[in-house]
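Chains as they are written, first to last, in the working numbering: chain A, 1 to 114; chain B, 1 to 111. As structure tokens, the structure follows; a few thoughts come after it.
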Amino acid sequence: ETGVTQTPRHLVMGMTNKKSLKCEQHLGHNAMYWYKQSAKKPLELMFVYNFKEQTENNSVPSRFSPECPNSSHLFLHLHTLQPEDSALYLCASSPQAHSYNEQFFGPGTRLTVL
Amino acid sequence: GENVEQHPSTLSVQEGDSAVIKCTYSDSASNYFPWYKQELGKRPQLIIDIRSNVGEKKDQRIAVTLNKTAKHFSLHITETQPEDSAVYFCAASFQGGKLIFGQGTELSVKP
């Protein structure tokens, strides 16, 4: 257990649904990340938050909306997704963003868009 | 652009043999290179990392080498064991410390 939890672990949603993914870290870190992991593709960075401020949006479509209310919690709000958005969504945290420290990953949410 | 290429995509070795995975990166300013291991159905976990001020780092059966001139780095696993079977990802730091990951290598160690 790395101290980063994600809920739900599995999610099936239709293209018209609205859902949210949640990530929580208990490591006292100040940076949190969202990654997308698709089959046969590398881990794709989506968003970075450092001390609750978004510092990176890696050209992510607006149907993905992140929220970071404090350094321990990170959300990813989903609406009008497409089937190609089906993937494993991983949250990670590190002591600070933009510094060279280990990133600790959560177990991921397996998302299926019908 | 910001790019990390990783090869091979799959690698099968016999138990006890060595395994080598190679990565190249696009930005000569990159200076941090971690390697993550992801077992089936589990989260990625850091196994070793190297910074640009050193050329090689070892941790028991795992070693990483870095050639800054050629912009490539490699993971070496010696005396492989079945529990080494997993997907391995390299990564390199880019502008602002952002990590870009390689495509992953699925390593299979056959008993």
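Note that the Cβ used here is the ideal one computed from N, Cα and C, for glycine as well.
Discussion item. Less than 9 Å between CB atoms is the rule here; does residue 93(A) satisfy it with respect to chain B?
Written reply: no
Practice prompt. Evaluate contact between the segment 74-93 of chain B and the segment 3-19 of chain B, counting only Cβ atoms and requiring at least three cross-stretch pairs below 8 Å.
Written response: yes
Discussion item. Is residue 43(A) close to chain B? Criterion is C-beta to C-beta, closer than 9 Å.
Written reply: yes
Worksheet item: Cα separation between residue 12(A) and residue 86(A)?
Response: 9 Å
Worksheet entry | Under 7 Å by beta carbon: chain A residues contacting residue 32(B) | 100
Practice prompt. Might you give, ordered along the chain, the residues of its own chain that have their beta carbon closer than 6 Å to the beta carbon of residue 48(A), omitting 5 neighbours on each side?
Written response: 33, 55, 56, 97
Fill in: Nearest-angstrom Cα separation, counted from residue 29(A) out to residue 52(B)
25 Å
Discussion item. Do residue 112(A) and residue 6(A) have their beta-carbon atoms positioned less than 9 Å apart in this structure?
Written reply: no
Fill in: is_contact[residue 60(B), chain A] using C-beta, thresh 9 Å
no
Fill in: One or two residues paired with residue 26(A) in a DSSP bridge
None, per the DSSP bridge assignment.
Item to complete: Buried or exposed for residue 84(B), please, with buried defined as at least 16 other CB atoms from any protein chain shown within 10 angstroms of its CB.
Response: buried
Worksheet item: Where does residue 83(B) fall in DSSP's three states?
Response: helix
Discussion item. Is there a Cβ of chain B sitting closer than 9 Å to that of residue 87(A), yes or no?
Written reply: no
Worksheet item: In or out: residue 46(A) buried (at least 16 other Cβ within 10 Å) or exposed?
Response: buried
Practice prompt. Run down chain B in chain order and give the residues with a C-beta less than 9 Å from the C-beta of residue 56(A).
Written response: 96, 98
Worksheet item: What does residue 107(A) touch in chain B if you count any residue whose Cβ is under 8 Å from its own?
Response: 42, 43
Worksheet item: Around the C-beta of residue 62(A), are 16 or more other C-beta atoms found within 10 angstroms, so that it is buried, or is it exposed?
Response: exposed
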